[in-house]
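Enquirer:
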Amino acid sequence: MFGKVPERQMHRVRWFLTVSWLLLIVSLFFDPISPWFAQPHNVWSPLRLDANACTPMQGACLPEKPYAIGAPVFWGIVIPCAIFILLVFGHELWRRICPLSFLSQIPRALGIGRKLRKIDGKTGKIRYISAKVNPNSWLARNHLYLQLGLFYGGLCGRILFFNSARWVLGVFLLFTIAAAIVVGYLWAGKPWCNYFCPMSAVQRIYSEPRGLLTSPAHLNTHRGIPQSMCRTVDGKGKEKSACVACQDPCIDRDAERSYWENIKGRDRAFLYYGYCGLVVGYFCYYYLYSGNWDYYFSGAWAHEEAQLASLFNPGFYLWGRGIPIPKLIAVPLTLGLSGLGGYWLGCRVENGYKAYLLRTQQQLNPEIIRHRMFTLCTFFVFNFFFIFSGRNFLDLLPRSLQYGFNATIFVASTLWVYRTWGRDRERYLRESLAVRLRKQLSQLNIDISQGLEGRSLETLNPDELYILAKILPELLENQQKPDKKEKLQNKINRNLKAAHPSQSQSPAITLETVEYLLDRVENRTSPPVSMSEIEWSV
Numbered sequence: 014m015f016g017k018v019p020e021r022q023m024h025r026v027r028w029f030l031t032v033s034w035l036l037l038i039v040s041l042f043f044d045p046i047s048p049w050f051a052q053p054h055n056v057w058s059p060l061r062l063d064a065n066a067c068t069p070m071q072g073a074c075l076p077e078k079p080y081a082i083g084a085p086v087f088w089g090i091v092i093p094c095a096i097f098i099l100l101v102f103g104h105e106l107w108r109r110i111c112p113l114s115f116l117s118q119i120p121r122a123l124g125i126g127r128k129l130r131k132i133d134g135k136t137g138k139i140r141y142i143s144a145k146v147n148p149n150s151w152l153a154r155n156h157l158y159l160q161l162g163l164f165y166g167g168l169c170g171r172i173l174f175f176n177s178a179r180w181v182l183g184v185f186l187l188f189t190i191a192a193a194i195v196v197g198y199l200w201a202g203k204p205w206c207n208y209f210c211p212m213s214a215v216q217r218i219y220s221e222p223r224g225l226l227t228s229p230a231h232l233n234t235h236r237g238i239p240q241s242m243c244r245t246v247d248g249k250g251k252e253k254s255a256c257v258a259c260q261d262p263c264i265d266r267d268a269e270r271s272y273w274e275n276i277k278g279r280d281r282a283f284l285y286y287g288y289c290g291l292v293v294g295y296f297c298y299y300y301l302y303s304g305n306w307d308y309y310f311s312g313a314w315a316h317e318e319a320q321l322a323s324l325f326n327p328g329f330y331l332w333g334r335g336i337p338i339p340k341l342i343a344v345p346l347t348l349g350l351s352g353l354g355g356y357w358l359g360c361r362v363e364n365g366y367k368a369y370l371l372r373t374q375q376q377l378n379p380e381i382i383r384h385r386m387f388t389l390c391t392f393f394v395f396n397f398f399f400i401f402s403g404r405n406f407l408d409l410l411p412r413s414l415q416y417g418f419n420a421t422i423f424v425a426s427t428l429w430v431y432r433t434w435g436r437d438r439e440r441y442l443r444e445s446l447a448v449r450l451r452k453q454l455s456q457l458n459i460d461i462s463q464g465l466e467g468r469s470l471e472t473l474n475p476d477e478l479y480i481l482a483k484i485l486p487e488l489l490e491n492q493q494k495p496d497k498k499e500k501l502q503n504k505i506n507r508n509l510k511a512a513h514p515s516q517s518q519s520p521a522i523t524l525e526t527v528e529y530l531l532d533r534v535e536n537r538t539s540p541p542v543s544m545s546e547i548e549w550s551v
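Letter by letter, the sequence shown follows residues 14 to 551 in the numbering used here.
Structure below.
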C-alpha cells in the first residue's frame, strides 16, 4: 500500500515527524506552557487536575501537581500509534516514516560511513568498501536476543527512571539517537533497525508475515521497489534502489519471506513468547506496586513527581501491606520472570498442541503449528496492549468514542488473524511462482481462454496458475502429436514415391497406418518395424 508512495513525499513526512519528535524532546527539558493546561482552575481543559480527587498508591493518596504533558503524550499517544500502524499498515509504512531510522542514516547521507581496506590478491590494487555486519558474526546470529534484551531494559527503565522524570527521558532519547547515528556510521545499510533497535523486534511481532494492509512484495508484478526497501532519488527524479544487502533475508524487501525463512529458529519463539510475557508483566506490575488499578488508569504514573525518590520504596504492595523488596529490585525481577514465564508457557502450549494433533492423528506441519501459535500471540498481545495503553487520554473522550476505539482495535486484529491464519510457506512460494508463470504462459503462442471458460490469465489465482502450468506441457504435447504423425506420413509417402518412380500412381500410406506403426515403435516389447512391413501395409 504505502510501498508505492513516492520517496520525495515520504521524505517530507519523515522530516515533519522527526522535527516534531525533536521538539517533543526539547519540551522534556524546558516547557513553561503545557503545565498551564493541568491547572485545577482551567475548567475548560480536559487535562486539568481535580483538587478533590485522590489517586491511591500503596494505601495513601498520591500527591499531584500541574505537569508538563511531553512525557504523557509520548507514552500515551506516540507509542500506541506506532503499535497500531505496525499491525494495520505494516512495516512498509513504519520503516519509511520512523524518525529514529531516518536519523540513523545521517552518516550515509553525509558520505562518512566506515570503510574497510581491501587489497586485490592478483593486482595488488587497494580499494575501500563500506563495512557491513558479517552474516556469520555473533551480532547477526543473536541480534533478536540482543534487541529483546534491550527492550526488557527499556521497560525496566520506564518504571524505574523515566516514565515521569522528564529530563531523564530526554537524556535517554538523546542517547538513543546518538547510538543510532554511531551504529549507522559503523555499518552500511540499516544496521540500527536490523540489529539493535528494540522496536525492530516488536515490529516483527505485529507486522510479520504481513500487516493488514501491507502490499505483498512477492506479487510485485511491476518489478518496482517493494515495500520499505531502501531507495533514493537520482538527479532525474527517478527512484532507484539503495540496498546494500546488509541483511538477508531482509524484512524491508519481503517481510513474508523473512518470516518463513526464520520461523523455525529458537530465537523467534523466544521473541514471540517472551514478548507476550514482558507486556503482561509490565502492565500488571503497576497493580503489584500500587495495590490498585487506579494508579495506572489515571495516568498518574506519567507525571509522578517523586519517581526517582521511590527507587528504594517497597516494590510490591499486596493485601494492604508493603513487601520490603526495593522497587529497584522488584521491577527487573517481575519483568524478567514474566518474560521467561511467557517463553516457558508458549513452548508448553506449542508442544501440547503438537501432542494433541498426534493423538488425534492429524497431519500438520510443525512450521504451520508454530505459525498459528505466533498468530494467536500477536492477536492476544495487541488487544491486551490496548486494554491499558493510552487509557489516560482515551478516558477523556466521550463514552461512544471509547467504544468505537475498542471496536476498531478488535475488528482490526480479527481481520488480521483472518488474513494470516491460512498462510503457509507453500502458499507463499506458489504465489511467488505465479507472477513468473503468468508471464511465461502469456508468451506462449496459444489461445487458452477457450479452456478457461473465457477467463484470462490475469484472473487466475496462484493455485489455478500452478495447476495450469503442470498440465499445459502435456496438453501441448498431445496437441502436437497430430503434426508429428502428418509429417511422418508425408516423409514415408515421399520415400515410397522415390522407391517406385515407374508407377504412375505411387503408393501412399494412410494416417491410421502411421498411428499403428508409431504405437509399434513406442511399444518396445513388439518386434521392430521393417521397411517391408511398411510396404505391405500400403
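Built from N, CA and C at the ideal position, the CB exists for glycine as well.
Since the structure is predicted, the reported quantities are computational estimates derived from the model, not experimental observations.
(1) With respect to the alpha helix (DSSP H) encompassing lysine 138, which residues constitute its N-terminal and C-terminal limits?
(2) Contact between the stretch 62-69 and the stretch 141-161: three or more CB pairs below 8 Å?
(3) Cα separation between proline 262 and glutamate 274?
(4) Are the Cβ atoms of proline 211 and glycine 248 separated by less than 8 Å?
(5) Beta carbon of serine 271, beta carbon of isoleucine 264: below 8 Å?
(6) Let me know the beta strand (DSSP E) ranges lying completely inside the stretch 309-333, each 3 residues or longer, listed in chain order.
(7) Along the chain, which unbroken stretches of the beta strand (DSSP E) at least 3 residues long are found entirely within the stretch 108-195?
(8) Please report the straight-line C-alpha distance between valine 195 and arginine 127, rounded to a whole angstrom.
(9) If you check the beta carbons only, do alanine 201 and lysine 251 fall under 8 Å apart?
(10) Which one of Leu113, Tyr80 and Trp357 has the shortest CA to CA distance from alanine 95?
(11) Sorted by chain position, which residues of the same chain lie with C-beta nearer than 6 Å to leucine 341's C-beta, five sequence neighbours on each side aside?
(12) Name, in chain order, the residues that DSSP records as bridge partners for valine 246.
(13) Can you tell me the Cβ-Cβ gap for isoleucine 172 and tyrosine 298, rounded? I've got them flagged as a contact below 8 Å.
(14) To the nearest angstrom, how far is it from the Cα of tyrosine 416 to the Cα of leucine 123?
(15) From the DSSP output, which residues share a beta bridge with isoleucine 238?
(16) Check whether the Cβ atoms of serine 311 and asparagine 405 lie closer than 8 Å to each other.
(17) Checking 8 Å against the spacing of the C-beta atoms, do leucine 428 and leucine 284 come in under that value?
(18) Please confirm whether serine 58 and phenylalanine 50 have their CB atoms less than 8 Å apart.
(19) How big is the Cα-Cα spacing for isoleucine 7 and phenylalanine 329?
(20) Compute the distance between the beta-carbons of leucine 47 and glycine 89, then report whether it is under 8 Å.
(21) Assuming histidine 104 and alanine 268 form a contact by the criterion Cβ under 8 Å, report the distance between their Cβ atoms to the nearest whole angstrom.
(22) Once the 5 residues before and after leucine 232 are set aside, which same chain residues still bring their CB inside 7 Å of it?
Expert: Reading off the structure:
(1) Within the sequence shown, the letter at position 125 stands for residue 138. Where lysine 138 is concerned, there is no enclosing alpha helix (DSSP H), given that its DSSP letter is neither H nor E.
(2) No, the stretch 62-69 does not touch the stretch 141-161.
(3) Here residue 262 is taken as the residue at index 249 of the sequence shown, counted from 1. Here residue 274 is taken as the residue at index 261 of the sequence shown, counted from 1. Each residue's Cα considered, the two are about 7 Å apart.
(4) Taking the sequence shown and counting its residues from 1, the one referred to as residue 211 is at position 198. Taking the sequence shown and counting its residues from 1, the one referred to as residue 248 is at position 235. In this structure, proline 211 lies away from glycine 248, with their beta-carbon atoms at least 8 Å apart.
(5) Mapped onto the sequence shown, residue 271 falls at position 258. Mapped onto the sequence shown, residue 264 falls at position 251. Yes, these two residues count as a Cβ contact at 8 Å.
(6) List check, beta strand (DSSP E) in window: 327-331.
(7) Listed in chain order, the complete beta strand (DSSP E) runs (minimum 3 residues) inside the stretch 108-195 are 128-132 and 139-143.
(8) Working through the sequence shown from its first residue, we reach residue 195 at position 182. Working through the sequence shown from its first residue, we reach residue 127 at position 114. Rounded to whole angstroms, valine 195 to arginine 127 spans 10 Å at the Cα level.
(9) For the purposes of this step, residue 201 is identified with residue 188 of the sequence shown, where counting begins at 1. For the purposes of this step, residue 251 is identified with residue 238 of the sequence shown, where counting begins at 1. No.
(10) Taking the sequence shown and counting its residues from 1, one reaches residue 95 at position 82. Out of Leu113, Tyr80 and Trp357, Leu113 has the C-alpha closest to the C-alpha of alanine 95.
(11) Start at 1 with the first residue of the sequence shown, and residue 341 comes out as number 328. The beta carbon of leucine 341 lies closer than 6 Å to those of Leu324 in the same chain, with the five residues before and after it left out.
(12) What you label residue 246 is simply residue 233 of the sequence shown in a count that begins at 1. Bridge partners of valine 246: Glu252.
(13) Within the sequence shown, numbered from 1, the residue matching residue 172 stands at position 159. Within the sequence shown, numbered from 1, the residue matching residue 298 stands at position 285. Yes, isoleucine 172 and tyrosine 298 are in contact; Cβ-Cβ is about 6 Å, under 8 Å.
(14) Translated into positions along the sequence shown, residue 416 becomes position 403. Translated into positions along the sequence shown, residue 123 becomes position 110. Distance between the alpha carbons of tyrosine 416 and leucine 123 is about 48 Å.
(15) Against the sequence shown, residue 238 aligns to sequence position 225. Bridge partners of isoleucine 238: none, in fact.
(16) The residue you call residue 311 lines up with position 298 of the sequence shown. The residue you call residue 405 lines up with position 392 of the sequence shown. With contacts defined by Cβ atoms closer than 8 Å, serine 311 and asparagine 405 form a contacting pair.
(17) For the purposes of this step, residue 428 is identified with residue 415 of the sequence shown, where counting begins at 1. For the purposes of this step, residue 284 is identified with residue 271 of the sequence shown, where counting begins at 1. Contact flag unset, no.
(18) Along the sequence shown, read from residue 1 onward, the residue named residue 58 stands at position 45. Along the sequence shown, read from residue 1 onward, the residue named residue 50 stands at position 37. For serine 58 and phenylalanine 50, yes; Cβs fall inside 8 Å.
(19) Since the displayed the chain opens at 14 and closes at 551, residue 7 lies outside it and no answer follows.
(20) Locating residue 47 in the sequence shown gives position 34, counting from the first residue. Locating residue 89 in the sequence shown gives position 76, counting from the first residue. Here the sequence assigns serine to residue 47, which means leucine is not the residue at that position. Contact flag unset, no.
(21) Translated into positions along the sequence shown, residue 104 becomes position 91. Translated into positions along the sequence shown, residue 268 becomes position 255. Correct: roughly 6 Å between the Cβ atoms.
(22) As a working mapping, residue 232 is identified with position 219 in the sequence shown. So the qualifying residues of the chain are Glu444 and Val448.
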